[in-house]
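*Asks:* Quick one: structure below, then a few questions.
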Amino acid sequence: MRFAHYRNLNQHETYVTTKKRLKNHFSSLTNLDILFGLTRQFEWDSRCSQHPKIVGTVVAEASVHRDRTLDLSFFPIERKVYSEDAYEEFNHNTLVDIQKWMCEQTEKPDTAIVGIEQLIVEWVGNKHLLHYVTFL
6 MRFAHYRNLN QHETYVTTKK RLKNHFSSLT NLDILFGLTR QFEWDSRCSQ
56 HPKIVGTVVA EASVHRDRTL DLSFFPIERK VYSEDAYEEF NHNTLVDIQK
106 WMCEQTEKPD TAIVGIEQLI VEWVGNKHLL HYVTFL
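For the sequence shown, my numbering gives the first residue as 6, with consecutive numbering after it.
If you want it as structure tokens, here you go:
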């Protein structure tokens, strides 16, 4: 597991989790890269032509690539739109869902891998929504 921080946050921003919590949840995944702030906001990959409509703010994105490498990216969100309850809900429920999804993806046989698979976590003001996408 490798961590990378690409930007320092200003006082009005936060990430939805911490490095310590991620170490607790994902210690078994050795080929995982965890990226904080690689980009300011989530953008769809140009190879993904059909994707769900995002109306809220994407706070995290998990990717599994053809070579079985794993990425988990976090994007900054304004503190005023992301409450402490949302933070706790992400860290107790959504993070577990991401962990289960990543473990399921790594356990797939080689013949079941068709491309890049993504799990996108969107914050819509009162709950987290999970979107699953596959593209070549």
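Just so it is clear, CB atoms sit at the ideal spot from N, CA and C, and this is done for glycine as well.
Is valine 126 near threonine 139, with beta carbons less than 8 Å apart?
*Replies:* No; because the gap between Cβ atoms is not below 8 Å, this pair is not in contact.
*Asks:* Measure the Cβ-Cβ separation of glutamate 94 and histidine 136 and say whether it is below 8 Å.
*Replies:* Their beta carbons are not under 8 Å apart, which means glutamate 94 does not touch histidine 136 by this criterion.
*Asks:* Smallest Cα separation from glutamate 83: which of His10, Ala9, Tyr20, Asn36?
*Replies:* Taking only the C-alpha atoms, the option nearest glutamate 83 is Tyr20.
*Asks:* Check whether the Cβ atoms of methionine 107 and leucine 141 lie closer than 8 Å to each other.
*Replies:* In this structure, leucine 141 does not lie closer than 8 Å to methionine 107 by Cβ.
*Asks:* Roughly how many angstroms separate the alpha carbons of lysine 105 and glutamate 66, rounded to a whole number?
*Replies:* Going by the C-alpha atoms only, they are around 14 Å apart.
*Asks:* Cα separation between isoleucine 103 and lysine 85?
*Replies:* If you take the alpha carbons of isoleucine 103 and lysine 85, they lie about 25 Å apart.
*Asks:* For glutamine 16, is the classification buried or exposed, using 16 other Cβ atoms within 10 angstroms of its Cβ as the cut-off for buried?
*Replies:* Counting Cβ neighbours within 10 Å, glutamine 16 comes out exposed, since fewer than 16 surround it.
*Asks:* Roughly how many angstroms separate the alpha carbons of proline 114 and isoleucine 121, rounded to a whole number?
*Replies:* Answer to the nearest angstrom: the Cα atoms are 14 Å apart.
*Asks:* Quick check on valine 86: does DSSP put it in helix, strand or coil?
*Replies:* Helix.
*Asks:* Assuming phenylalanine 31 is part of the alpha helix (DSSP H), what are its boundary residues?
*Replies:* Taken as a continuous stretch (DSSP letters only), the alpha helix (DSSP H) holding phenylalanine 31 covers 24-31.
*Asks:* Is the beta carbon of glutamine 55 within less than 7 Å of some heavy atom of the ligand MN?
*Replies:* In terms of ligand content, the structure shown is empty, and the ligand MN therefore cannot be addressed.
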